[in-house]
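Comments concern the structure below.
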Amino acid sequence: MGVFNNLPLPFLVLSFLTILGALYVVTSKNPVHSVLALILTFFTISAHYVLLNAQFLAIVNLMVYAGAIMVLFLFVLMLLNLNKESEPIKSNLWGIAAAISAGLLLVIITAAFQTAGIAVMKSNAEGIGLVKNLGRVLMTEYLVPFELTGILFISAMVGAVLLGKRDKSETVKTEEIV
Amino acid sequence: MLSIFHSLEISHYIYLSTVLFSIGLFGVLFRRNAIILLMCIELMLNAVNLLLAAFTEYMGDMQANGQMFVFFIMVVAAAEAAVGLAIIVMVYRNTRKTDVSFLDQLKDS
Amino acid sequence: MNPIALILLFPLLGFVINGVVGHKLPKSISSGLGTIMVLLSFITAIMQWSVVAADANGSIAWDAYTFFNLDGILFKAAFSLDHLSIWMTLIITGVGTLIHLYSMSYMDHDKNTSKFFSYLNFFVFNMLLLVLGSNFLMMFFGWEGVGLCSYLLIGFWYQNESFGGAARKAFVMNRIGDLGLLLGMFLIVKNFGSLEYSQVLPAIAEGSSSNVLVTSIAILLFIGAMGKSAQIPLFTWLPDAMAGPTPVSALIHAATMVTAGIYLIIRCQAMYSLAPMAQELILWIGLATALLGALIGLRQNDIKKVLAYSTVSQLGFMFVALGVGAYTTALFHVTTHAFFKALLFLGAGSVIHGVHERQDISQMGGLKKMMPITYITFLIGTLAISGFPFLSGFFSKDEILANVFHHNIIAYVVLVIAALLTATYMFRLLFLTFFGEFRGTDYKLSEVHESNWKMTLPLVTLAILSILGGLLNLPHYLIHQDGFLANWLRPTFLIFEHSTHTEISTEIALISVAIFVFLFGFIYSRNRYISKGLSPETPTSGMGKVLSNKFYIDEIYNKLIVRPIEFFGYLLFALFDTLLLYGVTFSINPILKFAGRFNRKIQNGNIEYYLIYMVAAIAILLGLNLFFA
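Chains as they are written, first to last, in our numbering: chain A, 1 to 178; chain B, 1001 to 1109; chain C, 2001 to 2629.
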């Protein structure tokens, strides 16, 4: 395993919070709590982005993920009225099986990294993640994918709207909006 | 800013990202609520985003390829979340449940 | 067209035509066709006589087709009509024509007449292949072919299960001998690089091959002859072969097929002359067979069985002749035996026909009044085989006895005893069948009838040949030179055959012994069966019982050989078939079912399970890639 001494404090604290949040996401019984924990995790990940000289990404992460996507999740949760979760918790056996599988993957990937021997030097580059740099790269090299994402969004929107439509035959009572 | 943290190496970010990924994976396998399932997937995606951003920093890539990739991952994740949630709502309309274990119509009878 | 091709073609055509469309033709046409085909072969062969006789070792050759070339060894379908093979051809086709003619009447009431004639023609074809082949390969082809035809014809009335069993027995015993023949042929190919007579026999005659090799080949070929020519221990098939129709017994088991072994040994004279150990073996086995056959024949009550054991015994005589190096004599006896044995069998068939398909002589008696021609010809045959002076059998048997006398006194004495028994049982058969009081219980003497001309003409022809056959090889003391057959055959022998010149005094002594033997048999049987009027014995004790039960040889074979093999078969069946084969094939189904059921459970439609499978699989694959790639 890597050297754990000399780790700077901010990194340690942030990582600790991230992992804690992630754990609470997967183990909480109340789904609203899970959503909120995930938002916390996103906050800490954004902080990591700042540490990694990816300032634009940090802001965008907050805006898009925590701001839009998580709100969407929360909205759907509220719509389905699932705050007091009667979700049957799986048996412990299942939890162990899931944990073993995930853990297996973790172990193997870690082992792969051990043998890979990554030796990457820190760079002294400035302004990698600033808007100016990213914008330039986006509009020159990644122009086509950028335009394609527009199409992607349109199709996603159309799909979502279509999926949400009701058949004409179904009548809606006011009690059941969903 | 990272010049302050000389002792921070790429391997630390690799471990962090892997752990986050595994936790997300565990959540996907363990949770029954479809919405929580999607959220755990988002967690996994974010772990990967973190790793990509770490690599662009540590390789000094002025082209910021990693960060570009993160950008597009976010785009796709957003679209996927929208559509996925729409599907979940549809399923709820039909089955009154969000429990994925009830979606076993494809089983071998 | 090459005359050999014609000779072979005619019976083959008869086989094909009768086999394919014979059942649609009227009986007279299909049977006539079969007969004419053999007759045509006979005529063609006769027409070649002058050509072949022109040269001392003259022959016509026909190299028909080369099957393949194995590293310089040629495997050919090649034939040659030389002095030896033309002699055999004439016997086969000549006697064969007469028997075909006879069958036209004998098999007239059968449902499958055309099948019979097609089989008969096929048999003649194969027999001709055997004798006309100029290499061991063609000889073997014909050898196996006649074995097959023997099976088909013995089991012609296969609806009777015991007849089918007899056919199988013949074939299997033959096969056992064939193993020896094959091994001999393998040795020949390996050591002499060819199967052609023209290459192998001179190479052997040179004398440079090792003695062990030549003796081994000789013995192995003799084992083949043992099976085909019914010598001890492979002879029990021949009496059982009487299950076939009588013309079959006459043609195959008297005149032609059983002589194939003798032909083979005569053909390989060079080999046997250089392998005295093999010759000794042949001599003693032939002696034992001659004696045994005669003893058993003394107490059999079925006409055909008596004649069958007689054939076994006479074949023993022929092998004795071979064993003392008298090859010409052996062929002489083959010829005369063909005449009188075919005559006897056809006569027996005529009797069977006349008494409405009965074969037990205890139901016969006094038939000579009702079947005169059959009686007279049968009498002639009996006289010939018993050695009545100046009939054919007398000359041939006497020559054998003379040759054996010069070789070994003990063998001579045994052979004389066998000849004595021969005369005895043959006259017993004659007297019990044709003389005395009628013993039939379920039919009347007045119902007995003589056979028609198609059956009596061959009888008369063969009777004449039996009388005159001796002219073919008159002995030295009579004409003061070598007999015709001896001169004819001598050029085909690569190694000089010692012709024994006996002094006239010894000769007279031997002839007296022969005449005494004949008289003894005649008088003894006459005394027993005519004067005393004894009926056919059904002995219940003592030596008679042993003889009439054929020395229990069949039972011994059954216990010692057949049962263990059957048991072994069942053992293998229980072990391998049931356990392995059935076990494996019938366990596949349950295994697959179980696997199916097990796998079904995996597909429960639940994505949570699927997800875990996926993750586990990815993890394992990555791990494998990581650690083993």
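Virtual Cβ for every residue (Gly too), placed ideally from N, Cα, C.
Measure the C-alpha to C-alpha separation of residue i and residue j and round it to an integer number of angstroms.
i	j	result
Ala2616(C)	Leu2572(C)	49 Å
Val161(A)	Phe113(A)	43 Å
Thr18(A)	His1012(B)	14 Å
Phe2186(C)	Met2277(C)	21 Å
Leu2611(C)	Met1090(B)	22 Å
Phe2192(C)	Phe2123(C)	31 Å
Met2426(C)	Asn2121(C)	31 Å
Met1001(B)	Pro8(A)	Bear in mind that a pLDDT of 48 at Met1001(B), under 50, signals an unreliable position, so the model cannot answer this.
Gly135(A)	Arg2597(C)	58 Å
Val2334(C)	Leu2346(C)	17 Å
Ser2031(C)	Gly2096(C)	13 Å
Asn2408(C)	Gly2207(C)	26 Å
Ile2296(C)	Asp2071(C)	51 Å
Met1(A)	Leu93(A)	In this predicted model, Met1(A) has a pLDDT of only 46, less than 50, meaning its place in the structure is not dependable; the value taken from the coordinates is given anyway. For Met1(A) and Leu93(A), the distance between alpha carbons rounds to 30 Å.
Asn2002(C)	Ala2260(C)	24 Å
Ala2203(C)	Thr2215(C)	15 Å
Leu40(A)	Val25(A)	10 Å
Pro2026(C)	Leu2128(C)	28 Å
Arg2299(C)	His2023(C)	41 Å
Lys165(A)	Ala1086(B)	10 Å
Met2543(C)	Ile2553(C)	15 Å
Ile2417(C)	Gly2569(C)	43 Å
Met1068(B)	Leu138(A)	7 Å
Phe2496(C)	Lys2369(C)	52 Å
Ile2154(C)	Ala2170(C)	8 Å
Quick one: which chain B residues come within Cβ less than 7 Å of residue i?
i	result
Asn2604(C)	Asp1104, Lys1107
Ser101(A)	Leu1029
Between the options, which lies nearest to residue i when the distance is taken from Cα to Cα?
i	options	result
Gly150(A)	Ala1079(B), Ser1101(B), Ile1087(B), Tyr1092(B)	Ala1079(B)
Phe2222(C)	Ile2361(C), Leu2322(C), Asn2057(C)	Leu2322(C)
Phe96(A)	Leu1029(B), Gly1066(B), Met1068(B)	Before going further, note that residue 96(A) is Ile rather than Phe in the sequence given. If we check each option's Cα against that of Ile96(A), Leu1029(B) comes out closest.
Asp2240(C)	Tyr2197(C), Phe2163(C), Gln2269(C), Asn2301(C)	Phe2163(C)
Val2038(C)	Gly2072(C), Phe2125(C), Lys2111(C), His2023(C)	Phe2125(C)
Asn1049(B)	Tyr1015(B), Ile1041(B), Asn1033(B), Ile1073(B)	Ile1073(B)
Ile2631(C)	Ala2348(C), Phe2395(C), Glu2357(C)	Nothing about residue 2631(C) can be read from this structure; chain C reaches only from 2001 to 2629.
Val2248(C)	Gly2469(C), Ser2150(C), Ala2275(C), Ser2466(C)	Ser2150(C)
Leu2471(C)	His2480(C), Leu2485(C), Tyr2477(C), Leu2462(C)	Leu2485(C)
The ligand MG heavy atoms versus the CB of residue i: any closer than 7 Å?
i	result
Thr2329(C)	Among the components of this structure there are no ligands whatsoever, and the ligand MG is therefore not found.
What in chain A is Cβ-close to residue i, meaning under 7 Å?
i	result
Ile1036(B)	Pro31, Ser34
Leu1051(B)	Neighbours of Leu1051(B) on chain A: none; closest Cβ ~10 Å, over 7 Å.
Val1070(B)	Leu57
Ile2612(C)	Ala97, Ala98, Ser101
Under 8 Å Cβ-Cβ, which residues of chain A neighbour residue i?
i	result
Leu2626(C)	Ile108, Ala111, Ala112, Thr115
Ile2618(C)	Leu105
By the criterion of Cβ-Cβ separation under 9 Å, what are the contact partners of residue i in chain A?
i	result
Val1048(B)	Chain A residues near Val1048(B): none, gap ~11 Å exceeds 9 Å.
Ile1073(B)	Per Cβ cutoff of 9 Å: no residues; Ile1073(B) is ~10 Å from chain A at best.
Ile1041(B)	Those do not exist, as Ile1041(B) stays about 11 Å from chain A at its closest Cβ, beyond 9 Å.
Which residues in chain E sit within 8 Å of residue i, going by Cβ to Cβ distance?
i	result
Ile39(A)	Looking at the structure shown, chain E is missing, and the protein chains on hand are A, B and C.
Interface residues of chain B around residue i at Cβ under 8 Å?
i	result
Asn92(A)	Here the premise fails: no neighbours, minimum Cβ distance about 11 Å.
Using a Cβ cut-off of 7 Å, pull out every chain C residue sitting near residue i, in sequence order please.
i	result
Ser1101(B)	Asn2606, Glu2608
Residue i versus chain C: which residues are under 8 Å apart at the beta carbon?
i	result
Leu1085(B)	Near Leu1085(B) there are no residues of chain C at all, since even the closest Cβ is about 17 Å away, more than 8 Å.
Note down, in chain order, every chain C residue with its Cβ under 9 Å from the Cβ of residue i.
i	result
Leu1016(B)	None at all; the shortest Cβ gap to chain C is about 20 Å.
Below 8 Å, can you find three or more Cβ-Cβ pairs linking the region 2040-2054 of chain C to the region 2088-2097 of chain C?
-> yes
Do three or more CB pairs link the region 2339-2348 of chain C to the region 2376-2387 of chain C at distances below 8 Å?
-> yes
What residue ranges within the region 2041-2098 of chain C form continuous beta strand (DSSP E) runs of no fewer than 3 residues, ordered along the chain?
-> 2060-2070, 2073-2081
Three or more beta-carbon pairs under 8 Å between the region 2168-2181 of chain C and the region 2111-2126 of chain C, yes or no?
-> no
Contact between the region 2100-2114 of chain C and the region 2449-2456 of chain C: three or more CB pairs below 8 Å?
-> yes
Entirely within the region 2493-2571 of chain C and at least 4 residues each: give me those alpha helix (DSSP H) ranges in chain order.
-> Whole alpha helix (DSSP H) segments, 4+ residues: 2504-2526, 2542-2548, 2553-2557.
At what residue ranges does the region 2152-2239 of chain C contain a whole run of the beta strand (DSSP E), taking only runs of 3 or more?
-> Whole beta strand (DSSP E) segments, 3+ residues: zero.
Segment contact flag, the region 2286-2293 of chain C with the region 2255-2265 of chain C, C-beta cutoff 8 Å, min 3 pairs | no
Quick check: the region 2361-2369 of chain C against the region 2533-2550 of chain C, are there 3 or more CB pairs under 8 Å?
-> yes
Can we say the region 2437-2448 of chain C touches the region 2314-2331 of chain C, given the rule of at least three CB pairs closer than 8 Å?
-> In short, these stretches do not touch, since the Cβ pair count stays below three.
At least 3 beta-carbon pairs within less than 8 Å: the region 2066-2082 of chain C vs the region 2413-2425 of chain C | no
Would you say the region 66-83 of chain A touches the region 19-33 of chain A, given that touching needs at least three Cβ pairs under 8 Å?
-> Yes: the two stretches touch, three or more of their Cβ pairs being nearer than 8 Å.
Examine the Cβ distances between the region 2264-2271 of chain C and the region 2145-2164 of chain C and report whether three or more of them are shorter than 8 Å.
-> Segments in contact, no.
May I have a chain-ordered list of the alpha helix (DSSP H) segments no shorter than 4 residues that lie completely inside the region 2284-2310 of chain C?
-> For the region 2284-2310 of chain C, not a single whole alpha helix (DSSP H) run of length 4 or above is found.
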